[in-house]
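Reading through the structure tokens given below for one structure.
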Amino acid sequence: MKKRGFTLIELVMVIVILGILAAIAIPRYVDLSSMAKLNATKASMGSIRAAVAVAYAEAAAAGTAAYPASITGSLFVENVVPTNQLTPSSNTVVGAYDGLGGWVYYSASGTLESNDAARTQM
123 MKKRGFTLIE LVMVIVILGI LAAIAIPRYV DLSSMAKLNA TKASMGSIRA AVAVAYAEAA
183 AAGTAAYPAS ITGSLFVENV VPTNQLTPSS NTVVGAYDGL GGWVYYSASG TLESNDAART
243 QM
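Take the sequence shown: its letters are residues 123 to 244, numbered as in our numbering.
Structure below.
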């Protein structure tokens, strides 16, 4: 009568192979999630820049070509400023960099930056 089952060595080898695969996969996942946050922030920034451009075009059509004085929810369809995914706890817009999250908007030039602690350039 022959016994069926796995030997201890076979089980150990499977565990070792799974450990090696996990050691390779986890760092790649962490890198992908940080890249996803950066790209989501770039997409949000693009939508804010588009809203600023539309507001500028509307002002120019009315004869007063100027960038909006501030970025508010009224510039967007859902009345919400897009969130900066690098600092997801804040979607505020400030006039000068302070590193506390959200966005920095310079109304004189219509430019926008991320207001994260690392001051990520985009």
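Don't be surprised by glycine CBs; every beta carbon is placed ideally from N, CA and C. Remember, predicted model here, so these are calculated numbers, not experimental data.
Where does L234 sit, in a helix, a strand or coil, going by DSSP?
Strand at L234.
Measuring CA to CA, which of D220, V199, L160, S192 is closest to G232?
Nearest option by C-alpha distance: S192.
Please name the residue, chosen from L197, A165, A162, K164, that lies closest to A179 on a Cα-to-Cα basis.
A179 has its Cα closest to that of L197, out of L197, A165, A162, K164.
Alpha carbon to alpha carbon, how far is V199 from S169?
Roughly 11 Å separates the two Cα atoms.
Here's a check: name, in chain order, each residue in its chain whose Cβ is nearer than 7 Å to the Cβ of G224, leaving out the five neighbours to either side.
The residues are N206, T209, S212, N213, T214, V215, V216, N237.
Return the Cβ separation of Y219 and R241 in integer angstroms, given the expectation that the two are a contact with Cβ distance under 8 Å.
7 Å between Cβ atoms; contact.
I'd like the list of long-range same chain contacts for G195, defined as Cβ closer than 8 Å, with 5 residues on each side in sequence excluded.
Here the set comprises N201, V202, V203.
Would you list the residues sitting across from Y228 in a DSSP beta bridge?
Per DSSP, T233.
State the DSSP-derived secondary structure class of V176, mapped to helix, strand or coil.
Helix, per DSSP.
Ordered along the chain, which non-local residues of its own chain (more than five positions away) have a Cβ less than 7 Å from that of K164?
Closer than 7 Å at Cβ, skipping near neighbours: M244.
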